[in-house]
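Peer 1: The structure's right below; bear with me while I get my questions together.
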Amino acid sequence: MKKIACAALLGALSVTQVALAQERPLRFVVTGGLTFGGDTLITTNYTNGRSYDTKAGGLVQIGGGVLWQPSKLPLALQATINLHSDGTIARNGDSSFTRFPLEVIGFYLPHQDWRIGAGVRYVLSPEAEASQDGYADTKLEYKDTTGFVVEAGYQVFSNGWVSLRYVNEEYELESARYGNSSFNVSNVRKADGSHVGVFFSYGF
Numbered sequence: 475m476k477k478i479a480c481a482a483l484l485g486a487l488s489v490t491q492v493a494l495a496q497e498r499p500l501r502f503v504v505t506g507g508l509t510f511g512g513d514t515l516i517t518t519n520y521t522n523g524r525s526y527d528t529k530a531g532g533l534v535q536i537g538g539g540v541l542w543q544p545s546k547l548p549l550a551l552q553a554t555i556n557l558h559s560d561g562t563i564a565r566n567g568d569s570s571f572t573r574f575p576l577e578v579i580g581f582y583l584p585h586q587d588w589r590i591g592a593g594v595r596y597v598l599s600p601e602a603e604a605s606q607d608g609y610a611d612t613k614l615e616y617k618d619t620t621g622f623v624v625e626a627g628y629q630v631f632s633n634g635w636v637s638l639r640y641v642n643e644e645y646e647l648e649s650a651r652y653g654n655s656s657f658n659v660s661n662v663r664k665a666d667g668s669h670v671g672v673f674f675s676y677g678f
């Protein structure tokens with residue numbers, strides 16, 4: 475009897491925990507993914523003859539924030555702060571493009587396993603740098619910019635989503651330095667940072 479009672483108690487606690495998790499509309503969320511696209515900002519040349527293009531739309535994004543998803547509505551709202559970066563490290567030099575996007579995305583859930591969303595992202599402190607043997611250091615600073623996000627996700631397990639997304643955004647150069655020299659950037663065209671991505675997010 476004691477074993478049966480303990481099993482029943484554990485089962486009841488598990489069901490209660492799941493129910494509370496489903497009823498809790500606000501939870502923390504972590505997200506991350508790979509992105510591809512955008513103009514080449516810096517090309518790093520290796521000693522073996524190969525090269526790496528640091529892209530305005532690449533390559534890795536990680537972040538965290540909050541997800542509001544009421545149980546009785548087919549709607550959700552996600553707000554995150556992220557680090558988005560592309561670059562390479564080699565013996566004879568390295569390059570990077572880093573920025574900090576703030577994203578707010580609204581989702582519609584047509585089915586319990588699917589969500590479709592769109593939103594805005596405000597990108598802070600976009601900056602590209604390169605250091606390579608035989609060349610002066612390069613530093614490109616871009617203005618903060620606003621982009622737009624569309625995303626479709628599938629729920630692979632409870633509170634875990636795999637998503638495909640598209641981001642449309644541009645970067646306007648604010649300053650450029652090559653070694654100790656600075657350049658007039660007023661006539662430089664904007665860099666296209668638009669990209670596609672594959673993401674995973676988890677709410678807890």
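Here the numbering used here is used: position 196 in the sequence shown is 670, and no number is missing along the way.
Idealized CB from N, CA, C, for every residue including glycine.
Count the other CB atoms, across all protein chains shown, that sit within 10 Å of the CB of residue 581; report buried if there are 16 or more and exposed otherwise.
Peer 2: The residue given as residue 581 occupies position 107 in the sequence shown. It is buried - the Cβ of residue 581 has at least 16 other Cβ atoms within 10 Å.
Peer 1: What does the alpha-carbon distance come out to for the pair residue 678 and residue 501?
Peer 2: Residue mapping note: residue 678 aligns to position 204 of the sequence shown, counting from 1. Residue mapping note: residue 501 aligns to position 27 of the sequence shown, counting from 1. Between residue 678 and residue 501, the C-alpha separation is close to 6 Å.
Peer 1: For residue 557, count neighbouring Cβ atoms within 10 angstroms of its own Cβ and tell me buried if that reaches 16, exposed if not.
Peer 2: The residue given as residue 557 occupies position 83 in the sequence shown. That one is exposed.
Peer 1: Is it true that the CB of residue 515 sits closer than 8 Å to the CB of residue 602?
Peer 2: Indexing the sequence shown from 1 puts residue 602 at position 128. Indexing the sequence shown from 1 puts residue 515 at position 41. It is a contact, given that the beta carbons lie within the stated cut-off.
Peer 1: From the DSSP output, in three-state form, read off residue 678 for me.
Peer 2: On the sequence shown, position 204 is the one that residue 678 refers to. The answer is coil: DSSP assigns residue 678 none of H, G, I, E or B.
Peer 1: By how many angstroms is the C-alpha of residue 655 removed from the C-alpha of residue 661?
Peer 2: Your numbering for residue 661 matches position 187 in the sequence shown. Your numbering for residue 655 matches position 181 in the sequence shown. Approximately 17 Å between the Cα atoms of the pair.
Peer 1: With H, G and I counted as helix, E and B as strand and the rest as coil, what does DSSP make of residue 657?
Peer 2: Mapped onto the sequence shown, residue 657 falls at position 183. Correct three-state label for residue 657: coil.
Peer 1: With respect to the beta strand (DSSP E) encompassing residue 589, which residues constitute its N-terminal and C-terminal limits?
Peer 2: One-based indexing of the sequence shown puts residue 589 at position 115. Residue 589 -> beta strand (DSSP E) spans 588 to 606.
Peer 1: Out of curiosity, what's the CA-to-CA distance linking residue 525 and residue 546?
Peer 2: By 1-based counting over the sequence shown, the position of residue 525 is 51. By 1-based counting over the sequence shown, the position of residue 546 is 72. Cα-Cα distance, rounded: 52 Å.
Peer 1: Please report the residue range of the beta strand (DSSP E) in which residue 529 lies.
Peer 2: Indexing the sequence shown from 1 puts residue 529 at position 55. Its beta strand (DSSP E) spans residues 525 to 529.
Peer 1: Under three-state DSSP, which class holds residue 522?
Peer 2: To locate residue 522, count along the sequence shown from 1; it is residue 48. The answer is coil: DSSP assigns residue 522 none of H, G, I, E or B.
Peer 1: Alpha carbon to alpha carbon, how far is residue 653 from residue 509? Give it in angstroms, no decimals.
Peer 2: Walking along the sequence shown from the start, residue 509 turns up at place 35. Walking along the sequence shown from the start, residue 653 turns up at place 179. When rounded, the distance between both Cα atoms is 30 Å.
Peer 1: Taking the straight line between their C-alpha atoms, what separation do you get for residue 567 and residue 530?
Peer 2: As a first step, residue 567 is located in the sequence shown; it is residue number 93 there, counting from the start. As a first step, residue 530 is located in the sequence shown; it is residue number 56 there, counting from the start. Distance between the alpha carbons of residue 567 and residue 530 is about 19 Å.
Peer 1: Taking the alpha carbon of residue 507 as the point to measure from, which residue in 664, 584, 560, 593 has its own alpha carbon closest?
Peer 2: On the sequence shown, position 33 is the one that residue 507 refers to. Of the listed residues, the one whose Cα sits closest to residue 507 is 560.
Peer 1: Would you kindly report the start and end of the unbroken beta strand (DSSP E) that includes residue 569?
Peer 2: On the sequence shown, residue 569 is found 95 positions in, with the first residue counted as 1. From DSSP, the beta strand (DSSP E) with residue 569 extends over 567 to 585.
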